[in-house]
Amino acid sequence: MGIPVPRYLAGAFAWAVILAGIAGMFIVPITFLDFTLGDAIGYKGFAALVIGGFGTIPGAIIGGYVVGLMEGLGTLLVGSHYRDAIAAALILLVLLFRPGGLLGAKEEERL
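Okay, structure coming up:
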C-alpha cells in the first residue's frame with residue numbers, strides 16, 4: 034500500500050520539463066535567441082532562492098517578490114543599468130544578516 038516514490042519523482046521531473054518548455058516558448062519571442070538566454074533569468078531565480086531560504090517553497094516565492102520589487106524600485110530611483118547589481122546587493126545583505134534566508138532555518142536551529 035503506500036506511495037510509489039520513484040513514480041512520483043519521475044512525474045515531478047516530467048512536469049518540471051513541461052513547465053520549463055512552456056516558459057521557454059513564452060520568453061523567446063520577447064528576447065533575442067542566444068546561447069546565454071537563461072543566464073539572467075537563472076541569476077534572478079538564484080537570488081530569489083537565497084533571499085527566501087533554501088528548501089522552502091514559500092520562501093522562494095517571497096524571495097521572488099522581494100527581488101522583483103527591489104529591482105523595480107531600484108530602476109525607478111537609480112536607473113536600469115544597476116538592476117543586476119541590486120539583486121547582488123540583496124543577496125549579500127541577506128547572507129550577512131540572515132544566512133538561512135528570510136524563511137529558512139536560523140543557524141543554531143540546524144544543529
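Convert by adding 33 to the 1-based position in the sequence shown; the result is the number in my numbering. Using N, Cα and C, we set each Cβ at its ideal position, and we do this for glycine too.
Apart from the five residues just before and just after residue i, which ones in its own chain have a Cβ nearer than 8 Å to its Cβ?
i: G86; result: G92, A93, G96, G133, G134, L135, L136, G137 and A138
i: T89; result: G134, L136 and G137
i: L128; result: V83
In terms of residue numbering, what span does the alpha helix (DSSP H) encompassing residue i cover?
i: D72; result: D72 to G85
i: V58; result: Here the sequence assigns Met to residue 58, which means Val is not the residue at that position. Unbroken alpha helix (DSSP H) run through M58: V38 to I60.
Under the criterion of a Cβ to heavy atom distance below 7 Å, does residue i qualify as lining the ligand COA?
i: L42; result: In terms of ligand content, the structure shown is empty, and the ligand COA therefore cannot be addressed.
Which whole runs of the alpha helix (DSSP H) in the segment 95-135 are 4 residues long or more, in chain order?
-> Considered as a whole, the segment 95-135 harbours 116-130 as its complete alpha helix (DSSP H) runs of no fewer than 4 residues, in chain order.
Counting Cβ pairs, one atom from each stretch, are 3 or more of them under 8 Å apart for the segment 118-133 and the segment 100-109?
-> Pairwise C-beta distances place the segment 118-133 in contact with the segment 100-109, as three or more of them are shorter than 8 Å.
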